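A short write-up of the structure that comes next.
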Amino acid sequence: MGRSLYRKVWDAHTVTTLADGRTQLFIGLHLVHEVTSPQAFAALDELGLAVAYPQRTFATVDHIVPTDTLARPLADSLAEGMLAALEANTARHGIAYFGVGDARQGIVHVIGPELGLTQPGMTICCGDSHTSTHGAFGALAFGIGTSQVRDVLATQTLALEPLKVRRVQIDGALGAGVYAKDVILHVIRTLGVKGGVGFAYEFAGSTVDAMSMEERMTLCNMSIEGGARVGYCNPDATTFAWLRGRAHAPTGTAWDAAVGAWEAVASDADAVYDDVVHVDAAAIRPTVTWGINPGQAMGIDEAIPTASDVPASERGTWQDALDYMGVTAGAPIAGTRVDVAFIGSCTNSRLSDLREVARHVQGHKVRDGVTALVVPGSWDVARQAEAEGLPAIFEAAGFQWRQPGCSMCLAMNPDKLVGDQLCASSSNRNFKGRQGSARGRTVLMSPVMVAAAAIAGEVADARSVFAGSLGDGASTRGGEA
Amino acid sequence: MKLGQPIPTVVGRGVFVPGDDIDTDRIIPARFMKCVTFDGLGAYAFHDERFREDGSSKGHPLDAAAHAGASVLVSGRNFGCGSSREHAPQALYRFGLRAVLAPSFAEIFAGNCTTLGIVCGVVGADDADAIGAAVTAEPGAVLTLDVAGGRVALGDRNWPMALPASTREALLSGRWDPLQELAEQAAAVSRVARALPYAAWTGLDGAEVSRG
Ligand code: SF4
């Protein structure tokens, strides 16, 4: 009987079974950022413990960094305190730190893969739920709490229970204007925001096989939004090609050995799954959220669900969402006025996202009254975008080109919504208050749809707004460095 | 190194915060996470549900005088979904809560709770509503969560309460904080690390044993 990648990686990293029945699992790569680590380092100090494997922990700063200036100290003294704490903690424990001003700095889930730290067959964790992003490479990657950050620092292991594995088999070609973001919003909408609790999602099928690494990262990034702590794709030639030559990727004979090991870790053809679901790629439309969780999503040409569309058990959340968002059941979402447009976050801030948007916004102009931001995911992305002249294209179209960081994805830096502003956002969470105002509203969508909303001044179908460049499958999906 | 105490029961008054899919951004809005210690987070638990922008109270159950000192939160499905921030359970803990009863929990949240010794008891959806209604009607009544027996009692009524087997075991044995047990395995950890396919190019071959 064949094994899934999940099972193979789990087994290879198992240290022992603990008294309560949990597994002690070795962690191959630990990523650290400023928000969830200070209390873990403090606990370590309190217990008088050292970092067990400092060579396998890498730190950066992303959540609190402003996107308009690198000047120190940061204007926000609380943010400056967090930054200073991370600098001191990493220096004291001999941990590599990609800080403010370092060319390698960026959103932790963007730089891990970019630096080649993220590799197939690894266990990867970070005190951040979107660690699932790294699963795109065939790693078993998941978010942890601060006490677990402490555990990994002190022992490089965690006490865990294995997940069940659901194969999400997606087949067929995506239509023009339909992206990985639409696929994952569609999957979450179909399986529900709690459908993945207790499961790892293995994304497979011809649609996934045809995806670039950056698209696979978008897909895996949001598996946690479907309740699945882990999402992954099996490593293949696309994966290896992407990794080759990256700073921390193996070289020479080690490279050949690595590719062999990576091929072997992929799920066996006869692997056994706890569940299998099928998704028809051709049925996926540009998808947007209308409510206050990522499962409250709809095709751009559909109507907001009415009471009869919603199971009784979800009606409370449905009513709450309608009230909070100020939208009407049975009405279209297209045409909803937009105040802010945000292209960025660990879901959609990579070079291919920016290239694709730039291709469509040329010759268009952001509608008066809309604040539109493009925030690259890392300095590496920013540099490459600059080399290709993308910032000039965005600025000519009326977008602000910012410095890398989490920015508007969450309210820990100066980029925030005000009052009940509505934001068309390429990020991953539309929870109440997520973007910094207790009444702020978020509509999640692909970066190209965000650009369309910015230009139309309202939620709009990118296939209409960009009819010239999006017609007849003219998309360059998959293009990347 | 510290070790937890066994938690066979949680006894305390309840407070009902109804609603499904209550996410961690609601439990602790991100803007309150700019801190290097968890001290003081309790004041911000459910902040935006409790206070208007001008700071005035919205009359949330957590602020009702009758519920002051309640230690068991009763809520809806998929409680604690969203971010992995331990700030969420820490805020609840520092607010004074020691247990949450709900029909289901997000995984990372439940794991974080266990590590802090907060009991996340799974009760039926109808039972959650019944317990919620009961504690709302009788804020002074005391709930008893029996971890070993798997039941919640309130006066002469009681309901089944489930916990994952390993969580139950961890709470009962006092091993809900696993750090010490993990640290004891340093030699085995090193063996596993050196045998990994990627040990050779990641500095794990010949990796030193934990210096802790
Ligand atoms: S971009 Fe958003 S989701 Fe991603 S790490 Fe930053 S805050 Fe978290």
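Protein sequences, first through last, are from chains F and W. Going by our numbering, the first sequence opens with residue 1, and the numbers climb by one from there. Going by our numbering, the second sequence opens with residue 1001, and the numbers climb by one from there. The C-beta atom is built at its ideal place from N, Cα and C for all residues, glycine as well. Since the structure is predicted, the reported quantities are computational estimates derived from the model, not experimental observations.
> Should L86 (chain F) go down as buried or exposed, given a rule of 16 or more other Cβ atoms within 10 Å for buried?
Replying inline: buried
>> Assuming F1105 (chain W) and F1079 (chain W) are in contact, meaning their beta carbons sit under 8 Å apart, how far apart are those beta carbons, in whole angstroms?
In response: 5 Å
> Where does D45 (chain F) land, buried or exposed, given buried means 16+ other C-beta within 10 angstroms?
Replying inline: Exposed is the call here.
> In the structure shown, what three-state DSSP assignment does V35 (chain F) receive?
Replying inline: coil
>> Taking the beta strand (DSSP E) that G1121 (chain W) belongs to, which residues open and close that run?
In response: V1119 to V1122
> Where W10 (chain F) and Q148 (chain F) are concerned, what is the direct C-alpha to C-alpha distance, given to the nearest angstrom?
Replying inline: 17 Å
> Do you know whose CA, among W:S1166, W:A1128 and W:L1172, lies nearest D1146 (chain W)'s CA?
Replying inline: W:L1172
> Who are the Cβ neighbours of P113 (chain F) in its own chain at under 6 Å, not counting the five residues just before and after it?
Replying inline: none
>> Is it buried or exposed, S223 (chain F), if we count other Cβ atoms within 10 angstroms and call 16 or more buried?
In response: buried
>> Which residues in chain W have a C-beta closer than 8 Å to the C-beta of G145 (chain F)? List them in chain order.
In response: S1084, R1085, E1086, P1089, I1108, G1111, N1112 and T1115
> Which chain W residues are close to A269 (chain F), counting only those with a beta carbon under 7 Å from its beta carbon?
Replying inline: Within chain W, no residue comes near A269 (chain F); the closest Cβ sits about 21 Å away, beyond 7 Å.
> Would you report the Cα separation of G1040 (chain W) and V1017 (chain W), rounded to the nearest angstrom?
Replying inline: 21 Å
> Using a beta-carbon distance below 9 Å, is D1025 (chain W) in contact with chain F?
Replying inline: yes
> Is the CB of P1164 (chain W) under 9 Å away from at least one CB in chain F?
Replying inline: At least one chain F Cβ lies under 9 Å of P1164 (chain W).
> Between which two residues does the beta strand (DSSP E) containing F203 (chain F) stretch?
Replying inline: F199 to A204
> Going by other Cβ atoms of all chains shown within 10 Å of its Cβ, with 16 needed for buried, is K164 (chain F) buried or exposed?
Replying inline: exposed
> Name the residues in the segment 21-44 of chain F whose C-beta lies less than 7 Å from a C-beta of chain W; which are they?
Replying inline: Residues of the segment 21-44 of chain F with a C-beta atom less than 7 Å from some C-beta of chain W are G21, R22, Q24, F26, G28, V35, T36, P38, Q39 and A42, listed in chain order.
> Taking one C-beta from the segment 282-297 of chain F and one from the segment 320-335 of chain F each time, how about it: are there three or more such pairs within less than 8 Å?
Replying inline: The segment 282-297 of chain F vs the segment 320-335 of chain F: in contact.
> Of all the options F:T17, F:R244, F:S37 and F:G398, which has the alpha carbon lying nearest to the alpha carbon of G369 (chain F)?
Replying inline: F:G398
> Around the Cβ of A141 (chain F), are there at least 16 other Cβ atoms within 10 angstroms (buried) or fewer (exposed)?
Replying inline: buried
>> For a contact defined as C-beta to C-beta under 8 Å, what are the partners of M325 (chain F) on chain W?
In response: Going along chain W, no residue has its Cβ under 8 Å from M325 (chain F), so there is no contact; the nearest lies around 15 Å.
>> Tell me the rounded alpha-carbon separation between V178 (chain F) and H93 (chain F).
In response: One C-alpha to the other measures close to 45 Å.
> So, is E1049 (chain W) buried or exposed, given that buried needs 16 or more other C-beta atoms within 10 angstroms?
Replying inline: buried
> Under three-state DSSP, which class holds L1073 (chain W)?
Replying inline: strand
> Is DSSP giving S1084 (chain W) helix, strand or coil here?
Replying inline: Note: S1084 (chain W) maps to coil in three-state DSSP.
> Any heavy atom of ligand 1 closer than 8 Å to the CB of V381 (chain F)?
Replying inline: no
>> Strictly below 8 Å CB to CB, what residues from chain W border I64 (chain F)?
In response: From the beta-carbon of I64 (chain F), the residues of chain W found nearer than 8 Å are K1034.
>> 9 Å is my cut-off, CB to CB: does T1136 (chain W) come that close to chain F?
In response: Output row for T1136 (chain W): interface = no.
> By a C-beta neighbour count over all protein chains shown, 10 Å radius and 16 as the cutoff for buried, is Q1005 (chain W) buried or exposed?
Replying inline: exposed
> Measuring CB to CB, does L117 (chain F) end up less than 9 Å from F26 (chain F)?
Replying inline: no
> What is the DSSP secondary structure of P332 (chain F), counted as helix, strand or coil?
Replying inline: strand
>> If you measure between the beta carbons of L410 (chain F) and D1023 (chain W), is that distance less than 9 Å?
In response: Cβ atoms of L410 (chain F) and D1023 (chain W): not closer than 9 Å.
>> According to DSSP, simplified to helix, strand and coil, what is G1004 (chain W)?
In response: coil
> What separation, rounded to the nearest whole angstrom, lies between the Cα atoms of V465 (chain F) and V1100 (chain W)?
Replying inline: 48 Å
> P1160 (chain W) bridges to which residues according to DSSP?
Replying inline: W:R1151
> Interface residues of chain W around P250 (chain F) at Cβ under 9 Å?
Replying inline: Y1198, A1200, W1201 and T1202
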